[in-house]
Each structure stands twice: as structure tokens, then as C-alpha cells.
Amino acid sequence: MIEFKNLIVEVEGKRIINKFNLNVLPGELHVIMGPNGSGKSTLANTVAGHPRYTIEGGSITYNKEKINKLSPEQRSALGIFLSLQYPVSIPGVKNIYFLKAAVNSIRKIKNKNEIDTGNFLKMVRGFLPLVGLDESFLHRSVNDGFSGGEKKRNEILQMLVLQPDLSILDETDSGLDIDALKIIAEGIKNYRNVNRSFILITHYHRMLDF
Ligand code: ADP
Ligand code: MG
77 MIEFKNLIVE
87 VEGKRIINKF
97 NLNVLPGELH
107 VIMGPNGSGK
117 STLANTVAGH
127 PRYTIEGGSI
137 TYNKEKINKL
147 SPEQRSALGI
157 FLSLQYPVSI
167 PGVKNIYFLK
177 AAVNSIRKIK
187 NKNEIDTGNF
197 LKMVRGFLPL
207 VGLDESFLHR
217 SVNDGFSGGE
227 KKRNEILQML
237 VLQPDLSILD
247 ETDSGLDIDA
257 LKIIAEGIKN
267 YRNVNRSFIL
277 ITHYHRMLDF
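According to my numbering, the sequence shown is numbered sequentially starting from 77.
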């Protein structure tokens with residue numbers, strides 16, 4: 077599904093990733109562990125197409141297509157999803173509108189009609205119990221005033237709504253209590269199938285046990 081070949085990544089002129097190789101097949105779940113500052117988030121952000129991270133060598137191939145130069149939104153439309161290590165708050169933008177705009181942006185790139193509001197709401201409501209959030213979170217601004225754990229759950233909600241083929245979860249388990257961790261692990265487990273791949277970045281074995 078995704079293959080890294082001799083990937084070299086620099087951030088503001090500093091080489092962070094040096095000749096990284098990894099091949100992730102459909103249905104596989106890979107785990108990346110390593111000390112702080114070793115470049116895990118750099119790798120995740122590079123796959124998502126963050127403009128601050130420049131590929132200085134090697135390639136990232138996704139479903140046989142080289143994606144080095146694609147925009148973040150093109151990568152998203154291809155089915156790549158990144159759960160951020162530090163989710164960003166967007167005061168003034170309602171969570172439900174944000175989710176709908178994200179889904180419709182992808183549908184637009186794929187030349188599909190906009191999803192209708194009623195069906196969309198029904199779908200999102202169905203996912204809420206899977207991440208342990210109630211409906212009030214849909215009507216608040218994106219991550220605004222959410223606790224650390226609620227932000228991480230909201231990231232997984234985004235994953236369920238966007239239905240990606242490749243999910244990169246960057247320390248989604250950090251800062252979660254044991255119950256939240258179980259809920260998120262369960263959510264990921266239910267979402268897994270033979271066509272969907274995961275790259276989990278974590279410091280803890282607990283997540284993997286669940
Ligand atoms: P990890 O996620 O493994 O903890 P990161 O990918 O966040 O590691 O960071 C790897 C290295 O890249 C660190 O030394 C960090 O300071 C550096 N780095 C990351 N982002 C930037 C940036 N925007 N500007 C300068 N250095 C950065
Ligand atoms: Mg990190």
C-alpha cells in the first residue's frame with residue numbers, strides 16, 4: 077500500500093530522516109517506536125504532505141503512485157489519513173461542519189456529489205459511541221476546549237468519518253486514561269480489515285495489547 081525507499085527528509089535545512097525504508101502491505105498494521113526527537117512525527121507529517129518537511133531524496137509510493145509532490149488534499153483524497161500528535165483547535169469552526177467540509181472536499185476531487193446533511197449526521201452519530209463522545213462535541217468548535225483525551229478521540233472520529241485506506245496515528249494513545257485507551261483501541265480494531273493499513277506511532281505497549 078505504501079512504500080518508502082531511501083527516504084531523506086529535511087526540516088528547515090536539518091536532515092531528520094536519513095534513508096528510511098519500509099513497505100506496508102494492505103491490511104498490515106506497523107508500529108513505530110523510538111525516543112523523542114528521532115523523527116517519528118517528521119515521517120508522519122511528510123506522508124501527509126506538510127509543506128515544512130522537504131523530501132531531499134528517495135520516494136514515497138502509495139498504491140504504486142509516487143506521491144512525493146502531491147498536495148495534502150490530493151493525498152487525503154487518495155485515502156491517506158493522519159491523526160496529529162498535537163491536534164489543533166479551530167475556534168469558530170463547528171466540528172460537524174468541519175467534518176462535512178472534509179468529506180465533501182474529498183468527494184469533490186473524486187467528482188462525486190455532496191453528501192446530504194441528514195444522511196451525514198446519521199452516519200456521524202453512529203460513530204460517536206465508538207469513540208466515547210456525545211453529540212455535544214459535534215456542535216462545539218473543533219477541539220476548542222477539548223481535553224487531551226477528547227482531542228484524540230475526535231481524531232479517531234475523523235478517521236471513521238473519512239474512511240481512509242492508510243491511517244497514520246501519531247501518539248493517539250498518549251495522555252489517555254485506561255478506559256479511553258480501550259475505547260480507541262476497540263475503534264481501531266473494528267475499523268481494521270484486509271484492505272486497510274495502519275502505521276501506529278506509540279511509546280506504550282498497552283495500546284498494542286488492547
Ligand atoms: P519525534 O516525533 O520522534 O519525537 P520529531 O519528528 O517531532 O520527532 O522531531 C525530530 C527532530 O526534528 C527533532 O530534533 C525536532 O527538533 C526537529 N524538528 C521537527 N520539526 C521541526 C521544525 N519545524 N523546525 C526545526 N526542527 C524541527
Ligand atoms: Mg512526535
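The beta-carbon is built from N, C-alpha and C at its ideal position, and this holds for glycine as well. Given the structure is predicted, the values throughout are model-derived calculations rather than measurements.
- With 16 or more other Cβ atoms from the protein chains shown falling within 10 Å of its own Cβ, residue 240 counts as buried.
- Its chain contains 219, 227 and 231 as the residues whose beta carbon lies nearer than 6 Å to that of residue 163, once the 5 sequence neighbours on both sides are disregarded; these appear in chain order.
- Annotated as proximal: residue 115 and residue 92, with beta-carbon spacing under 8 Å.
- Look at residue 94: its beta carbon is at least 7 Å from all of the heavy atoms in the ligand ADP.
- The beta carbon of residue 132 sits no closer than 7 Å to any heavy atom of the ligand ADP.
- Per the CB criterion, closer than 5 Å to any heavy atom of the ligand ADP, the qualifying residues run in chain order as 87, 88, 92, 112, 113, 114, 115, 116, 117 and 118.
- Comparing alpha-carbon positions, the option among 186, 185 and 196 lying closest to residue 175 turns out to be 196.
- Closest option to residue 110, judged by alpha-carbon separation, among 119, 102 and 103: 119.
- Annotation for residue 117: 161 and 246 place their beta carbon closer than 6 Å to its own, counting only its chain and skipping 5 residues before and after.
- Per DSSP, reduced to three states, the secondary structure at residue 222 is coil, with no helix or strand assignment.
- Taking 3 residues as the shortest admissible run, the stretch 200–248 contains the following complete beta strand (DSSP E) segments, listed from N- to C-terminal end: 242–246.
- A direct Cα-to-Cα measurement between residue 225 and residue 125 gives close to 25 Å.
- Each of 171, 282, 134 and 102 was checked against the Cα of residue 81, and the nearest Cα belongs to 134.
- Exclusion of residue 249 from the 7 Å shell around the ligand MG follows from its C-beta lying no nearer than that to any non-hydrogen atom of the ligand.
- In the structure shown, residue 98 adopts extended strand secondary structure according to DSSP, grouped into three states.
- Spatial neighbours of residue 179 in its own chain (CB-CB distance under 8 Å, excluding positions within 5 residues in sequence) are listed in chain order as 191, 196, 237 and 238.
- Annotated as proximal: residue 108 and residue 277, with beta-carbon spacing under 8 Å.
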